[in-house]
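Working notes, beginning with the structure itself.
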């Protein structure tokens, strides 16, 4: 992809955010047809093929072994956790909730940057983190803010909630490891290939059986692969040549955009409390980001 000019690169980054915002709803939709493991394996296989055609084969000679091992492990762990958390959700509404839990990663990224990379931050990092965490609890609670309700919701599907929390942690770690060790190398093509391989291995040891492909399911699969692969390909262009401040600010609206698309696509009814929680997560993450910007 030969994109020159800051404006064009910024547009690529904004399109990437829009594509990623469709991912949760599309992944859930595909998993309902092909199964959590089979659907995820198909998505990342198609995504890997698309990325190779767009970006070429991964070049590993200039990459440090530290980043190759840590970056690969964290990226694959994140993508596997995300796809399976959404796929194993007990309902479409719960899948959308889990998508918001996943978006705790921007806040965690800033917190880990302070510890891992010596990032300086102002005091507003504390209320920002608290606000993002409260937003997650507000979403998961469902009605009011009763501890018993939160515990009951988590216990109804501990696997998916654990995977969603794992998403937030692993992607925050991945962002910081990439910043510290990547050396400007983009290995997303390799990471997609590894993710697909891991998912196919898990599928081989499962009881899932892929159904016959139909026109509708094939189009959904294609749309999901394009959203995932296209998002990563365009985001790389955006962060390398675009307006980083604008892209960073826009990216924090992803929880609300993702929830809105998923609700429309899946036909889910979301309560006012859910939307309040999604907005709180976004606001808390923005405060965390602003806490670091003040030191720039």
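Residue numbers (our numbering): 1249 to 1544.
Ideal placement from N, C-alpha and C gives every residue a C-beta, glycine not left out.
Predicted model only: the values in this text are computed from it and were never measured.
On the DSSP letters alone, give me the boundaries of the alpha helix (DSSP H) that residue i sits inside.
i: residue 1321; result: 1313-1335
i: residue 1284; result: 1284-1303
i: residue 1627; result: What is shown of the chain runs 1249 to 1544, which leaves residue 1627 out entirely.
i: residue 1353; result: 1353-1364
i: residue 1261; result: 1254-1269
i: residue 1456; result: No alpha helix (DSSP H) holds residue 1456; DSSP gives it neither H nor E.
Measure the C-alpha to C-alpha separation of residue i and residue j and round it to an integer number of angstroms.
i: residue 1510; j: residue 1340; result: 9 Å
i: residue 1398; j: residue 1517; result: 19 Å
i: residue 1287; j: residue 1275; result: 8 Å
i: residue 1379; j: residue 1470; result: 37 Å
i: residue 1523; j: residue 1463; result: 34 Å
i: residue 1388; j: residue 1370; result: 29 Å
i: residue 1519; j: residue 1281; result: 26 Å
i: residue 1485; j: residue 1257; result: 6 Å
i: residue 1536; j: residue 1307; result: 34 Å
i: residue 1501; j: residue 1449; result: 35 Å
i: residue 1402; j: residue 1408; result: 9 Å
i: residue 1262; j: residue 1254; result: 12 Å
i: residue 1495; j: residue 1453; result: 41 Å
i: residue 1458; j: residue 1259; result: 37 Å
i: residue 1265; j: residue 1490; result: 13 Å
i: residue 1396; j: residue 1390; result: 11 Å
i: residue 1367; j: residue 1487; result: 19 Å
i: residue 1541; j: residue 1451; result: 43 Å
i: residue 1525; j: residue 1278; result: 26 Å
i: residue 1400; j: residue 1406; result: 10 Å
i: residue 1499; j: residue 1538; result: 13 Å
i: residue 1375; j: residue 1534; result: 11 Å
i: residue 1328; j: residue 1290; result: 12 Å
Using C-beta distances below 8 Å, list every residue in its chain close to residue i, excluding the 5 sequence neighbours before and after it, in chain order.
i: residue 1422; result: 1319, 1322, 1323 and 1326
i: residue 1416; result: 1349, 1350, 1351, 1352, 1353 and 1356
i: residue 1299; result: 1436, 1437, 1440, 1477, 1480 and 1481
i: residue 1468; result: 1274, 1277, 1278 and 1281
i: residue 1359; result: 1373, 1377, 1420 and 1536
Give me, in chain order, the residues of the same chain whose beta-carbon lies closer than 6 Å to that of residue i; leave out the 5 immediate sequence neighbours on both sides.
i: residue 1514; result: 1273 and 1340
i: residue 1343; result: 1276, 1334 and 1337
i: residue 1456; result: 1283, 1285 and 1286
i: residue 1364; result: 1424
i: residue 1361; result: 1367 and 1424
i: residue 1418; result: 1322, 1325 and 1326
Output needed for residue i: all residues of its chain with C-beta closer than 7 Å, excluding positions within five of it in sequence on either side, in chain order.
i: residue 1393; result: 1385 and 1386
i: residue 1412; result: 1333, 1346, 1349 and 1350
i: residue 1426; result: 1319
i: residue 1483; result: 1261 and 1264
i: residue 1330; result: 1350 and 1415
### Task
Check whether the stretch 1270-1285 touches the stretch 1471-1478, taking contact to mean three or more Cβ pairs, one atom from each stretch, closer than 8 Å.
Yes, the stretch 1270-1285 touches the stretch 1471-1478.
### Message
Contact between the stretch 1431-1440 and the stretch 1311-1323 is defined here as three or more beta-carbon pairs at a separation below 8 Å; is this criterion met?
### Response
Flag = yes, the stretch 1431-1440 and the stretch 1311-1323 touch.
### Message
Check whether the stretch 1502-1509 and the stretch 1347-1363 touch, using three or more Cβ-Cβ pairs below 8 Å as the test.
### Response
Because the criterion of three Cβ pairs below 8 Å is met, the stretch 1502-1509 and the stretch 1347-1363 touch.
### Query
At a cut of 8 Å, does the stretch 1436-1450 reach the stretch 1292-1304 through at least three beta carbon pairs?
Counting Cβ pairs under 8 Å, three or more are found: they touch.
### Message
Could you check whether the stretch 1526-1541 touches the stretch 1376-1392, counting it as contact only if at least three pairs of C-beta atoms, one from each stretch, sit closer than 8 Å?
### Response
As far as the Cβ criterion goes, the stretch 1526-1541 touches the stretch 1376-1392, which means the pair count is three or higher.
#### Entry: Inside the stretch 1479-1521 only - alpha helix (DSSP H) runs reaching at least 4 residues
1492-1499 and 1502-1514, all fully within the stretch 1479-1521.
### Task
Ignoring anything shorter than 3 residues or poking outside the stretch 1419-1443, list the beta strand (DSSP E) runs there in chain order.
Within the stretch 1419-1443, no complete beta strand (DSSP E) run reaches 3 residues.
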